[in-house]
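Undergrad: Residue numbers (the working numbering), protein chains in the order written: chain A, 477 to 711; chain B, 477 to 711; chain C, 477 to 711; chain D, 477 to 711; chain E, 477 to 711; chain F, 477 to 711. Yeah, the Cβ is synthetic: ideal placement off N, Cα and C, and Gly gets one too.
There are 6 protein chains.
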Amino acid sequence: MAIILSGKEGKIAERVIIVGNLGRMKTITSMLNELETVNEFAGYYTYTGKYNGKRITVNFHGIGNSSLALITNDLISLGAKYIVRFGSATGVSDKADAGTAVVPIGYSYNIGGFALQELGEMINFAATGNLDLINLLVDSLKKSEVKVATGNMFTSDSIHSHDEKFLQKWRSLNHLAVDLEGAALYFEGARHGISTGAVHLIYRNPMTGKSMSQADIERTEKEISKSILDALTKL
Amino acid sequence: MAIILSGKEGKIAERVIIVGNLGRMKTITSMLNELETVNEFAGYYTYTGKYNGKRITVNFHGIGNSSLALITNDLISLGAKYIVRFGSATGVSDKADAGTAVVPIGYSYNIGGFALQELGEMINFAATGNLDLINLLVDSLKKSEVKVATGNMFTSDSIHSHDEKFLQKWRSLNHLAVDLEGAALYFEGARHGISTGAVHLIYRNPMTGKSMSQADIERTEKEISKSILDALTKL
Amino acid sequence: MAIILSGKEGKIAERVIIVGNLGRMKTITSMLNELETVNEFAGYYTYTGKYNGKRITVNFHGIGNSSLALITNDLISLGAKYIVRFGSATGVSDKADAGTAVVPIGYSYNIGGFALQELGEMINFAATGNLDLINLLVDSLKKSEVKVATGNMFTSDSIHSHDEKFLQKWRSLNHLAVDLEGAALYFEGARHGISTGAVHLIYRNPMTGKSMSQADIERTEKEISKSILDALTKL
Amino acid sequence: MAIILSGKEGKIAERVIIVGNLGRMKTITSMLNELETVNEFAGYYTYTGKYNGKRITVNFHGIGNSSLALITNDLISLGAKYIVRFGSATGVSDKADAGTAVVPIGYSYNIGGFALQELGEMINFAATGNLDLINLLVDSLKKSEVKVATGNMFTSDSIHSHDEKFLQKWRSLNHLAVDLEGAALYFEGARHGISTGAVHLIYRNPMTGKSMSQADIERTEKEISKSILDALTKL
Amino acid sequence: MAIILSGKEGKIAERVIIVGNLGRMKTITSMLNELETVNEFAGYYTYTGKYNGKRITVNFHGIGNSSLALITNDLISLGAKYIVRFGSATGVSDKADAGTAVVPIGYSYNIGGFALQELGEMINFAATGNLDLINLLVDSLKKSEVKVATGNMFTSDSIHSHDEKFLQKWRSLNHLAVDLEGAALYFEGARHGISTGAVHLIYRNPMTGKSMSQADIERTEKEISKSILDALTKL
Amino acid sequence: MAIILSGKEGKIAERVIIVGNLGRMKTITSMLNELETVNEFAGYYTYTGKYNGKRITVNFHGIGNSSLALITNDLISLGAKYIVRFGSATGVSDKADAGTAVVPIGYSYNIGGFALQELGEMINFAATGNLDLINLLVDSLKKSEVKVATGNMFTSDSIHSHDEKFLQKWRSLNHLAVDLEGAALYFEGARHGISTGAVHLIYRNPMTGKSMSQADIERTEKEISKSILDALTKL
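Quick look at the structure:
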């Protein structure tokens, strides 16, 4: 039962890209044909268009696991089968320096919160992506000029708590980067049995001290957007 | 250290109203003078204007505790002293039928998640508002035509889990209503020692079966917006 | 179903004051007319009398959440509608120096224990008082010579653990004071939908280094007792 | 550092019996010689006397883990080396029918609460008694006419939650009986390295439907009191 | 610092296969050349040999996360860089019928236990394998006659609790199968930054009612052993 | 329903000794008459023989709570009534120096893991032994030359985490020693209502710096084996 997307039956494609940044959303929608506005309610902008002859929906997901889980549940209930998130992240590993595209296998995340409420019990539920989709994303990115890394990320619920000690902890636990929503996507995908994947562009890495310039970000996000669209339409 | 509102020093008023709905935001900003756009980045729209000669900032907070906590931390770091949220909610008590304005004393919420990460331990941290601000809000609302109720609410992290059993549980525990972000506001306010309050308009109550019409909502939200502005500028 | 007060149907007033100190109990009962002994079993002394023409029950609550929750459940099952606790507390905030009367909005408390057993799940259940009763108490106290502060307190389960680090933690989290039973009263009131309030006299504040003398305590407790009785009989 | 018993250095014996019922306390103190009143403050009555030529302190412990832990910490800080509790309990096993004296090896108890606060982490800390003291108690009781059973008990934090389902659960887990404070005694004893033991007289067993009459209770409590004093003075 | 394998420096290959079944171990070692016995202490048999000219260690891992974590930490401390587990599992999904080889992306597992002790905090730590190694295993298996499935599994700590309700739960959460040790391997690999992978042969699937015959198992385990050795030596 | 020992009905004695070390197993089986091999499957060797004319089963239990719980459940389901574990342990108390035989009353252990899965809730479940069996073991050992200590132990789930801080913590909490499986035996015994006991030989104590030589271990294990057999056959 869709909530934000209530009444949008038939307007959501099987292939979906979700983003938390309106600029990134425009970068993607500008690559689509036959673009249609599906929803602008509550800031959860939804557009459906075509790429390589296949329908693609692009959707805003907001900040935090609860927000992303909400829109993801809506999308799944309306027929989404493959959902790829294109996000950013903060690198903590040398393998995830600024400019790298991280394709996570899984996310570590806080106990409790949305996962506890959904499952009704506390369990270390594996928030993992779909192997085929992850491979398509990695292969597609490797054809671009963007450096790719795969591994685990940590999904934080509180960006204001990201102090040095926090970042060092996840670095020492061999995580590549931290974000704010990734666990919810892989959690919902794994739970509902649909295919999810994600690409995070590392804007900055406080461990190496490197950051991307705005121009670099824009150029790289175009490349990644194209790679994601190519991957999704190979399915 | 502000994140979304980085670089907006001096542009945030001591008195802030936060909302998760762009229509509600317009209702409020239309009542302000000398309105200035502070931020439109990342969908977290921020405007500062004047009401009764006092500066008021209005800010979007997104969906979920993580999102609201992020913007609230930003606002506090930039000098906000009084933050009132104007939200909606789903009523579960007969005292919170559709059309009622609920002013919560406190929120129950899931263990773990944002609160665990911020505190570094699991503790039942009291997410409560400021007594003076709550009283000003209640008094101001009582001068309007809107019915007012006070008590506890539950902040959910997963709106898709709101089944009959869930709603009955919180009803039987004498909670008035459920929402998606309220705990984070009162938690951050209590933790940082600033004054927070909230007004939730009950759009619908599945227990009584009543809902507000869109026209009713619009008219009532205007009344509530005025009540909140009156209360905030009495401080 | 009453346990300690089994068989005392009809002998408990709607308005109740609970205390954990027999001296404080005598201070209160000495202000009542037509005093009747209801119970002396198990050390949970219970008296019912009159003040301003209205019936008032005064009851001992023992030490700890389990003890207070037990007698509170008994009182509610026998018809109590308004329960105010008059206790002491240790101040940790500058706003709660020795001699101050703290009227808490809510209490933070340890996860697990009595709350877990009663609810059957771990959730951050809001232990908050009733707004009207809190306001009556604050207003009544403001008419006395006692300084009043409102905000959050922490209910500890282990007074022997109150070391410097513990006190500094709650101070830094903007809590006013710590006690041993308050959470249970507000928890039971919120859960069962009856009105609860509390007044804590700060005997000492290790942060400011100030303590009340025994003479000060006795004089102030008389004032507060009168304020509570005045507030309760305005309902 | 003693709190309730502050200033009572030298007045507490190495051998202590604690009780939560003033009648039971009188039964024990009436068997002592040279009885001295040590404390009557805060309802935590403390008496020290002699039995078989050895000093014995008898102390009230109140209701709940927090209350018992508080007085136990006080007693230990003042030199107590052997603490035996004489309490009652509700039987749930056929081995613990009304009239049986249960000497527990260990107690199961709720996670969180006092144990979490004292240890600073959640761990299944073994709340067990001292083998030598347990054996002395069992041997001494076997010489009386009272039936004895040994095994585990559950310490509840909420007597109002003791419904049929609750009692059946602990019965099916092969626990003998439930009480309200036992875990705290064995926990503190194990943690501080002093010897603790306990005897619980089963007043009633809802599973068998049997209860003791008041006359039976009085007679049996005298026998048990003597058995405990005999055991303690063999050390 | 190795514990079971203390003193075996230099005798452990970078490429390791671990198994919990001595028959399966023999199937693998029979395919190696230049086989050397490294350890037979404590039942944790360890052999090192060669396949395709590369050194391979085969090690027993016992039952349960603690046992597997222990030997895995030993292997890593002695230089293991790629560890593949060849285990069995109970299928719960139609995609994991008897005879299928499941290559898990990640494992869900119980909170607490070994993971809590190792990390010192409760967090949903992603127990995921290495993408390259998983892909090599899948590709190698696809060249055999064995059917392959990828996705999540649940690692149980108590095989006696595997009742119908338990199995249905994990089926409904789209997990493929349940085992007893898998989470520990992926957890340790992710934490220490070495590459892990796993292949589970589904002996039976209580949902479909199908089981493998002993002859089938033996034949299929030979195929899978060869596939794993081929995959590992491509690195 | 037995899993490892499936099909071994009638071959398991009421009296069982379990061990995690094959050498120790041989020491015990060499003292039995009419020895029969019951199982060698999966490394869980099982032998049944006679001592003092009574049947005794000896069984391997592997490493970790999950492994020991599995075989213990199997043994109980096949009729075991008295299970004694003969293990080793690392001493942390001066009372448990190298060469001491520790007979634990109870075990502390990590929350979550096997106990959470079996009980379906998080509770501090008392993992305690049977008083009569413990007393028989202690009495029997006291007749030997081996020094005996009784008290609590901690069962660890991760031997690699046993750093100085860890050992000091349990020492300061008055625990005698740490092992890897003990909690599971006492937990299963308490839960199922059968009698369990344990004897741990302290191989080394990092606090005192003392260790046993291999010759000492062999000689002492013979003595302890005889003591256990003598105790078990007194039942």
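Taking only runs that begin and end inside the region 491 to 528 of chain C, name each unbroken beta strand (DSSP E) of 3 or more residues, in chain order.
TA: Within the region 491 to 528 of chain C, the complete beta strand (DSSP E) runs of at least 3 residues are 491 to 495, 509 to 515, 522 to 527.
Undergrad: With distances taken from CA atoms, which of A:H638, A:D550, A:G540, A:S584 is nearest A:G563?
TA: If you number the first sequence from 1, residue 563 of chain A lands on position 87. Checked all of A:H638, A:D550, A:G540, A:S584; the closest Cα to A:G563 is A:G540.
Undergrad: Got a sec: which bits of the region 600 to 623 of chain F sit with their beta carbon under 7 Å from any beta carbon on chain E, in order along the chain?
TA: Against chain E - using a Cβ distance shorter than 7 Å - the region 600 to 623 of chain F contributes no residues.
Undergrad: Can you tell me whether DSSP reads B:D573 as helix, strand or coil?
TA: Here residue 573 of chain B corresponds to residue number 97 of the second sequence, with the count starting at 1. Coil, per DSSP.
Undergrad: DSSP state of C:A602, grouped into three classes?
TA: The sequence position of residue 602 of chain C within the third sequence is 126, counting from 1. If DSSP states are grouped into helix, strand and coil, C:A602 belongs with coil.
Undergrad: Please list, in chain order, the chain E residues whose beta carbon lies closer than 7 Å to that of A:M598.
TA: Residue numbering aside, residue 598 of chain A sits at position 122 when the first sequence is read from its first letter. Residues of chain E passing the Cβ test: I587.
Undergrad: So, for A:I479: in the same chain, excluding its five sequence neighbours on each side, which residues have a beta-carbon less than 7 Å away from its beta-carbon?
TA: In the first sequence, residue 479 of chain A corresponds to position 3, counting from 1. So the qualifying residues of the chain are L546, D550.
Undergrad: Across which residues does DSSP place F:S679 in a beta bridge pair?
TA: The residue given as residue 679 of chain F occupies position 203 in the sixth sequence. Note that residue 679 of chain F is Tyr in the sequence shown, not Ser. None; F:Y679 has no bridge partner.
Undergrad: Taking Cβ positions only, does C:G669 come closer than 8 Å to chain B?
TA: Counting from one through the third sequence, the residue named residue 669 of chain C turns up at place 193. Answer yes: the Cβ-Cβ gap between C:G669 and chain B drops below 8 Å somewhere.
Undergrad: Interface residues of chain E around A:N628 at Cβ under 8 Å?
TA: Within the first sequence, the letter at position 152 stands for residue 628 of chain A. Chain E residues near A:N628: A602, T604, A666.
Undergrad: On a Cα-Cα basis, can you pick out the residue from C:G486, C:A691, C:M507 that is closest to C:V514?
TA: Taking the third sequence and counting its residues from 1, one reaches residue 514 of chain C at position 38. Of C:G486, C:A691, C:M507, the residue nearest in Cα terms is C:G486.
Undergrad: What is the C-beta distance between A:N681 and A:A572, in whole angstroms, given that I count them as a contact (C-beta under 8 Å)?
TA: Numbered from its first residue, the first sequence carries residue 681 of chain A at position 205. Numbered from its first residue, the first sequence carries residue 572 of chain A at position 96. 6 Å between Cβ atoms; contact.
Undergrad: Check B:S452 in the structure and name its three-state DSSP category.
TA: With chain B represented from 477 up to 711, any question about residue 452 of chain B goes unanswered, as that position is not in the structure.
Undergrad: Residues of chain B with CB closer than 7 Å to the CB of C:Y583, please, in chain order.
TA: As a first step, residue 583 of chain C must be located in the third sequence, where it is residue number 107. Within 7 Å Cβ-Cβ: A602.
Undergrad: Quick one: list the residues of chain E neighbouring F:A565, beta-carbon separation under 7 Å, in chain order.
TA: Here residue 565 of chain F refers to the residue found at position 89 when the sixth sequence is read from its first residue. Simply none; closest approach about 14 Å.
Undergrad: Considering only residues of the same chain and omitting the five flanking positions on each side of D:T576, which have a CB-CB separation below 6 Å?
TA: Within the fourth sequence, numbered from 1, the residue matching residue 576 of chain D stands at position 100. Excluding positions up to five away in sequence, the list reads K623, A625, I678.
Undergrad: Taking a contact to mean a Cβ-Cβ separation below 8 Å, would you say F:V579 touches F:G673 in this structure?
TA: Reading the sixth sequence from its first residue, position 103 is the one you call residue 579 of chain F. Reading the sixth sequence from its first residue, position 197 is the one you call residue 673 of chain F. Against a cut-off of 8 Å, the Cβ pair of F:G673 and F:V579 comes out as a contact.
Undergrad: Is there contact here, the region 683 to 701 of chain C with the region 648 to 655 of chain C, by at least three beta-carbon pairs under 8 Å?
TA: Counting Cβ pairs under 8 Å, fewer than three are found: no touch.
Undergrad: Pair every Cβ in the region 516 to 529 of chain D with every Cβ in the region 636 to 645 of chain D, then say whether three or more of these pairs are closer than 8 Å.
TA: No: fewer than three Cβ pairs fall under 8 Å.
Undergrad: Where does A:Q690 land, buried or exposed, given buried means 16+ other C-beta within 10 angstroms?
TA: One-based indexing of the first sequence puts residue 690 of chain A at position 214. Answer is exposed; the Cβ neighbour count stays below 16.
Undergrad: Look at the alpha carbon of D:Q593 and the alpha carbon of C:S632, and state the distance between them as a whole number of angstroms.
TA: Numbered from 1 along the fourth sequence, position 117 holds the residue referred to as residue 593 of chain D. Numbered from 1 along the third sequence, position 156 holds the residue referred to as residue 632 of chain C. So the two alpha carbons sit approximately 8 Å from each other.
Undergrad: Please name the residues in the region 484 to 500 of chain F whose beta-carbon is closer than 8 Å to at least one beta-carbon of chain D, in chain order.
TA: The region 484 to 500 of chain F vs chain D, Cβ under 8 Å: nothing.
Undergrad: Between the Cα of A:G555 and the Cα atoms of A:M477, A:A603, A:L613, A:E510, which residue gives the shortest distance?
TA: Locating residue 555 of chain A in the first sequence gives position 79, where the first residue counts as 1. Of A:M477, A:A603, A:L613, A:E510, the residue nearest in Cα terms is A:M477.
Undergrad: With a threshold of 8 Å between beta carbons, is D:L546 in contact with chain F?
TA: Here residue 546 of chain D refers to the residue found at position 70 when the fourth sequence is read from its first residue. Cβ-Cβ to chain F under 8 Å: no for D:L546.
Undergrad: In three-state terms, what does DSSP make of B:I480?
TA: The residue you call residue 480 of chain B lines up with position 4 of the second sequence. The answer is coil: DSSP assigns B:I480 none of H, G, I, E or B.
Undergrad: Kindly confirm or deny that the region 598 to 615 of chain F and the region 595 to 610 of chain D touch, where touching means at least three C-beta pairs closer than 8 Å.
TA: Touching, yes, given that three or more Cβ pairs across the two stretches are closer than 8 Å.
Undergrad: Taking a cut of 7 Å between CB atoms, which residues from the region 635 to 662 of chain E lie near chain F?
TA: Cβ contacts with chain F come from I635, H636, S637, L656.
Undergrad: So what does B:G563 bridge to, in DSSP terms?
TA: In the second sequence, the residue the question calls residue 563 of chain B occupies position 87. In the DSSP output, where bridge partners are listed per residue, B:G563 has B:H676.
Undergrad: Where does C:V568 fall in DSSP's three states?
TA: The residue you call residue 568 of chain C lines up with position 92 of the third sequence. DSSP places C:V568 in coil when its eight states are reduced to three.
Undergrad: Tell me the DSSP bridge mates of A:D655?
TA: Counted from its first residue, the first sequence places residue 655 of chain A at position 179. Its beta-bridge partners are A:T631.
Undergrad: Taking the straight line between their C-alpha atoms, what separation do you get for E:H638 and E:F630?
TA: Position 162 of the fifth sequence, counting from 1, holds the residue named residue 638 of chain E. Position 154 of the fifth sequence, counting from 1, holds the residue named residue 630 of chain E. Distance between the alpha carbons of E:H638 and E:F630: 11 Å.
Undergrad: Can you check which of these residues, A:H636, A:I610, A:N606, is closest to E:N628 by C-alpha distance?
TA: Translated into positions along the fifth sequence, residue 628 of chain E becomes position 152. The option with the nearest alpha carbon to E:N628 is A:N606.
Undergrad: Between B:Q593 and chain I, is there a C-beta pair that is closer than 8 Å?
TA: The structure shown has no chain I; the protein chains it does contain are A, B, C, D, E and F.
Undergrad: Does DSSP put C:A489 in a helix, a strand or coil?
TA: Residue mapping note: residue 489 of chain C aligns to position 13 of the third sequence, counting from 1. C:A489: coil per DSSP, three-state reduction.
Undergrad: Shortest alpha-carbon distance to D:T715 belongs to which of D:K710, D:I704, D:L711?
TA: Limits of chain D in this structure are 477 at one end and 711 at the other, which puts residue 715 of chain D out of reach.
Undergrad: For C:I670, report the span of its alpha helix (DSSP H) as first-last.
TA: Your numbering for residue 670 of chain C matches position 194 in the third sequence. Careful: C:I670 lies outside any alpha helix (DSSP H) and carries neither H nor E.
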